[in-house]
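Below is one structure, written out as structure tokens; comments come after it.
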Amino acid sequence: MLGNLWLIPILCLAGAVACLALGLLRARKPIISVVGVGSVGLATVAAFAALAEYLGQSSEVIRNSYFTWIAAGEFLVDASLQLDRLSAVMIAFVTFVGFLIHVYSIGYMHSETDRGYARYFAYLNLFMFSMLVLVLGSNLPVLFVGWEGVGLCSYLLIGYYYEQEYCATAGKKAFIVNRIGDFGFLLAIFAAFAAFGTTEFLDLRDAIAADPGGVRTAATLIGLLLFVGAIGKSAQLPLYVWLPDAMAGPTPVSALIHAATMVTAGVYMVARTNFFYQASPTAMLTVAVIGGLTAVFAATIGLVQNDIKKVLAYSTVSQLGYMFLGAGVGAFIAAIFHVVTHAFFKACLFLGSGSVIHACGGEQDMRKMGGLKRHMPVTYWTFVAATLAIAGIPVFAGFVSKDEILAKVFAAGAADLNHFGRIYSLLWVLALAGAFMTAFYMFRAVYMTFHGDFRGGHEVEHHLHESPPSMTLPLIVLGALSVVGGILIGFPGQLFHQPDLNRIEAFLHPVMAPIAAVGGVPGHGAGPHAVSLSTEWTLVIGSVLVAVAGWMVARRFYVGAEPFAPARRLAERFPFVHTLLLDKYRVDELYDAVVVRPIHGLARFLWKVVDVVIIDTLFVNGSAFVVELTGDFLRFLQTGNVRNYALSVALGILILAVVLW
Amino acid sequence: MVPIVFVIAAVVAVVFAIITVAHSSPVINVLSLVVVFFAMAAIFALLGMDFLAAVQIIVYSGAILVLFLFVIMLLNIRSVERLGSGRRVQALLGTVVAVGVGAVPLIAISLLTPATGAVYPGALETGTVVPIGRALLTTHLFAFEFITLLLVAAIVGAVYLARREPR
Amino acid sequence: MNAILIPHTWVLALSAALFTIGTLGVLLRRNGIAIFLSLELMLNSANLAFVAFAMTFAAQPGAAVSALEGQLFVFFVIAVAAAEAAVGLALYIALHRVKGAIDVDRVNILRW
Chain Z
23 MLGNLWLIPI LCLAGAVACL ALGLLRARKP IISVVGVGSV GLATVAAFAA LAEYLGQSSE
83 VIRNSYFTWI AAGEFLVDAS LQLDRLSAVM IAFVTFVGFL IHVYSIGYMH SETDRGYARY
143 FAYLNLFMFS MLVLVLGSNL PVLFVGWEGV GLCSYLLIGY YYEQEYCATA GKKAFIVNRI
203 GDFGFLLAIF AAFAAFGTTE FLDLRDAIAA DPGGVRTAAT LIGLLLFVGA IGKSAQLPLY
263 VWLPDAMAGP TPVSALIHAA TMVTAGVYMV ARTNFFYQAS PTAMLTVAVI GGLTAVFAAT
323 IGLVQNDIKK VLAYSTVSQL GYMFLGAGVG AFIAAIFHVV THAFFKACLF LGSGSVIHAC
383 GGEQDMRKMG GLKRHMPVTY WTFVAATLAI AGIPVFAGFV SKDEILAKVF AAGAADLNHF
443 GRIYSLLWVL ALAGAFMTAF YMFRAVYMTF HGDFRGGHEV EHHLHESPPS MTLPLIVLGA
503 LSVVGGILIG FPGQLFHQPD LNRIEAFLHP VMAPIAAVGG VPGHGAGPHA VSLSTEWTLV
563 IGSVLVAVAG WMVARRFYVG AEPFAPARRL AERFPFVHTL LLDKYRVDEL YDAVVVRPIH
623 GLARFLWKVV DVVIIDTLFV NGSAFVVELT GDFLRFLQTG NVRNYALSVA LGILILAVVL
683 W
Chain L
5 MVPIVFVIAA VVAVVFAIIT VAHSSPVINV LSLVVVFFAM AAIFALLGMD FLAAVQIIVY
65 SGAILVLFLF VIMLLNIRSV ERLGSGRRVQ ALLGTVVAVG VGAVPLIAIS LLTPATGAVY
125 PGALETGTVV PIGRALLTTH LFAFEFITLL LVAAIVGAVY LARREPR
Chain B
-19 MNAILIPHTW VLALSAALFT IGTLGVLLRR NGIAIFLSLE LMLNSANLAF VAFAMTFAAQ
41 PGAAVSALEG QLFVFFVIAV AAAEAAVGLA LYIALHRVKG AIDVDRVNIL RW
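Next up, the structure:
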């Protein structure tokens, strides 16, 4: 298997092509399901086989180079895949979670037409292929191929219901905003080649390690440009606006692409190129600041949203902010850990919401739900498990990873990392506030959806039912992972003087090994901590208290005799704030006014003035007019008189004679 | 003595050339051109080119210009106008151009050094029939035959152009 | 060989004069026949030029170009002039049939 890494993505690509063909051949849904889900299943098996084989052997990195892709002068790029510890972790959860979501889709999409069903699975398989290429790529250009591929599939799948205009528009918005980030990424590839002559990750790492101080400016530039790409792909400030709109796509798509995998590609990329950030304190600080600000910003919006998918969307943006915050203080392993746990619980939340929406006949507004826990127990309990995880309640998955990030941020502040200690401390405070808000809005969603009395219509109430097993089974698996996944993978053994218990920390440590960088990086492995053990325990207890506080406030607001009353009173007391949050800070409107309208105006100008007047009238018609005018004058030379012509001949001879002499 | 003969012939040629060009009656034009050709034949003979002189008279004056006379009589061509009448611009410009066209060679000639020349009688051994005939039928045979073709083409063309439309 | 008595420049000067007169005739006359005659005059002046240069070679019996070529060329020119005259006059006959006159200024249908 290790010699044939290409199988893993190609199985998914084959599935995509097969589903397309089946769609054209008008096959029935059962066959499409088998092919579409089976290909991903096989890919999962292949991925785990590769993982097992990798663990059983001793080399750090397995690199398969297939052919020379680009050979342009000195710019050489191989089409090559590599398997190391980081990508092993990634392919494991990407294929597994992806497989679960494929299974879930069988139930969720069963009411589509056969051709639509085939199209869905084709796109979804294509996405898996791109994501796997992204994660397995051994150099920046191959990663970029996957990067672009997932962006394309995101567009295709968001606009799956393309007959509705808002879906098509949302797809376009996602693609265009992504493109802005991709531009930064491309510039980063060029800069990397210009500075180091190579784009292979291993070679770049060696180049940086050889002289960390000397390459600081190059590393800063490349790090920042790469992060621009991550801002677009992982929906950070200011390019997050596409993610909430992306909820127009089918819910499994939101779960897979906009929760578990694609949006985390940015975090993976930062972790993969961690050597740039370790060599550049400025770039790292930028990552942390933007991550932290995004985390809080998105959480505030999530507080008042009424559409269940929008709450989850802003929650995703916020959690991605946490991951980047972790990366920004050098805790790359913690960030990747949060990626994995986030995949579990966020996918579970989205699939659960899909189950709810399915039962309510397409309704997504939580104000029209309520009391669903009686009708959908499996969905309810898995949703609660995932909510406990995201809120950061021990011992659930989210607690372990988020707490790790918070601890590392605090440590960075205390140790005055790279002399930015004050900023890092401020970010820690913001992150803590964000944790409070996260707990609050997630439990708000739980209470509004599942508790109390049903607030929708009678018709819908009669049809409330639990989802079929194809949908509930993945929910159960993901719910279970949300409970135990954290402690299984990354139990915070360092709190108990047993750092070896933290499996993921130990596993990924060699990939993120600190380079003797300017300013140093706080210990993110089994090394000495910047803070004492008692401080760490205090931090843990503090963050748990904050999370529980958020939960209790939500409970106070939304459960009991008068649900919604306290919320309504608060909204009446601060109407300005409430409207601002509800309108998502009017960011979309701002972008429309500042970016979209000027571009429209420019396009209009280019059309009406440059194209119509200048090019068409002046040059095209104008030249024809000039020719015509010349002809109108010159025709008078054709007098028809032979003597005139003879005169011309004689004149010509005379001129020739003079000139030749 | 020879230069005097040449000068007389030259003067005659020029005078009658002017009459050819200027007179209104076509018949007078043709006849004065005959005189010009005779003068030129005289000059050829003076330079020892006997054959050429003979050909000039026989072919040029005797055949071509007679043809002209035939056509004039056939079509009953009268005099049309006087020299330079009508179309002032054409006339003015034409005069200027013509004079310019003539001036160029004159200026060129004035820059040449006068070279040697042969004189009658019998000074030019290549001027008689025998050498010319030999050259035409050996060295320049191709050109000779080609001229034949040209004449055939001319005859056919003339016949075709001048025929009456079949009714 | 007799002594030099006529420089070739005199002959060339005569040729130039005749050429000028001929050009004047072509450009200034309306009668078709007259134009044609002036054309013949121009051809003859060219013949004179050839002869003038031919006679400069007569004094050099072993030269690469002898006086023969010049005379041959005149011969050919005369032949071509004859052919041209025949065709041209045939054209005039056709023209006369159409127009009734040989006034060149009246042949101007092909104008703007």
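Residue numbers (this note's numbering), protein chains in the order written: chain Z, 23 to 683; chain L, 5 to 171; chain B, -19 to 92. Using N, Cα and C, we set each Cβ at its ideal position, and we do this for glycine too. All of these numbers come straight from a predicted model, not from anything done at the bench.
Spatial distance of residue i from residue j (CA atoms)
i        : j        : result
B/Leu71  : L/Val163 : 10 Å
L/Ile136 : B/Leu48  : 7 Å
L/Arg168 : B/Ser18  : 28 Å
Z/Ala679 : L/Val108 : 7 Å
Z/Gly16  : Z/Asp100 : The first residue shown for chain Z is 23 and the last is 683, placing residue 16 of chain Z beyond what the model contains.
Z/Phe97  : Z/Ala214 : 11 Å
Z/Arg85  : Z/Thr601 : 53 Å
Z/Thr401 : Z/Ser377 : 7 Å
B/Ser93  : Z/Phe647 : For chain B, the structure presents residues -19 to 92; residue 93 of chain B sits outside this window and is missing.
B/Gly5   : L/Phe55  : 29 Å
Z/Gly420 : Z/Val250 : 27 Å
L/Leu79  : L/Leu116 : 47 Å
B/Leu21  : Z/Asp638 : 58 Å
Z/Ala216 : Z/Lys630 : 41 Å
L/Leu155 : B/Ala61  : 10 Å
Z/Val119 : Z/Leu448 : 35 Å
Z/Ile511 : Z/Ala455 : 27 Å
Z/Met470 : Z/Ala257 : 27 Å
Z/Leu500 : Z/Gly623 : 49 Å
Reference residue i; option with closest CA among the options
i        : options                                : result
Z/Leu6   : Z/Ala213, Z/Ser302, Z/Ala293, Z/Leu342 : This structure does not reach residue 6 of chain Z, given that chain Z is present from 23 up to 683, and the question cannot be answered.
Z/Tyr88  : Z/Gln104, Z/Ile636, Z/Phe121           : Z/Gln104
B/Thr0   : B/Ala63, B/Ser25, B/Ile13, B/Ala62     : B/Ser25
Z/Phe579 : Z/Gly474, Z/Thr322, Z/Gln660           : Z/Gly474
B/Phe56  : L/Ala166, L/Val75, L/Thr152, L/Ile76   : L/Thr152
Z/Val690 : Z/Ile323, Z/Leu44, Z/Gly313, Z/Phe462  : Any question about residue 690 of chain Z goes unanswered here, given that chain Z covers just 23 to 683.
Z/Ala413 : Z/Ala281, Z/Ala144, Z/Ile330, Z/Ser337 : Z/Ser337
B/Ala81  : L/Ile113, L/Val75, L/Ile68, L/Ala147   : L/Val75
Exposed unless 16 or more other CB atoms sit within 10 angstroms - verdict on residue i
i        : result
L/Val123 : Annotation note: pLDDT 48 at L/Val123 (below 50); position unreliable, coordinate value reported separately. Flag for L/Val123 reads buried.
Z/Arg466 : buried
Z/Tyr667 : exposed
Z/Tyr188 : exposed
Z/Asn26  : exposed
Z/Pro274 : buried
Z/Arg50  : exposed
Z/Gln8   : Past the edges of chain Z, shown from 23 to 683, lies residue 8 of chain Z, and the structure says nothing about it.
L/Ala13  : buried
Z/Asp228 : exposed
Z/Phe359 : buried
Z/Asp654 : exposed
N-terminal and C-terminal residue of the beta strand (DSSP E) that residue i is part of
i        : result
Z/Ala93  : 84 to 94
Z/Leu105 : 97 to 105
Residue range of the unbroken alpha helix (DSSP H) whose run includes residue i
i        : result
Z/Glu300 : According to the sequence shown, residue 300 of chain Z is Gln rather than Glu. From DSSP, the alpha helix (DSSP H) with Z/Gln300 extends over 296 to 300.
Z/Met153 : 136 to 158
L/Ile12  : 6 to 26
Z/Tyr183 : Per DSSP, Z/Tyr183 belongs to no alpha helix (DSSP H) and is neither H nor E.
Z/Ala69  : 51 to 78
Z/Phe647 : 644 to 656
B/Gly2   : -12 to 8
Z/Thr338 : 330 to 350
Z/Leu307 : 303 to 324
Z/Cys41  : 29 to 46
Z/Cys370 : 354 to 381
Residue i Cβ short of 7 Å to the ligand GTP heavy atom set
i        : result
Z/Leu122 : As presented, the structure is devoid of all ligands, the ligand GTP included, so that no description of it is given.
(request) Run through the stretch 418 to 462 of chain Z for me and flag every whole alpha helix (DSSP H) of 4 or more residues, listed as ranges in chain order. (result) Taking only runs of at least 4 residues, the alpha helix (DSSP H) segments lying wholly in the stretch 418 to 462 of chain Z are 419 to 436.
(request) List in chain order: all unbroken alpha helix (DSSP H) runs of 4+ residues lying wholly within the stretch 46 to 96 of chain L. (result) Fully enclosed alpha helix (DSSP H) runs of 4 or longer: 54 to 59, 69 to 79.
(request) Note down, one range per segment and in chain order, each alpha helix (DSSP H) of at least 4 residues found wholly within the stretch 232 to 286 of chain Z. (result) Complete alpha helix (DSSP H) runs here, min 4: 238 to 255, 264 to 267, 273 to 277.
(request) At 4 residues or longer, and completely inside the stretch 453 to 511 of chain Z: list those alpha helix (DSSP H) runs for me, N to C. (result) DSSP runs (the alpha helix (DSSP H)) wholly in the stretch 453 to 511 of chain Z: 480 to 484.
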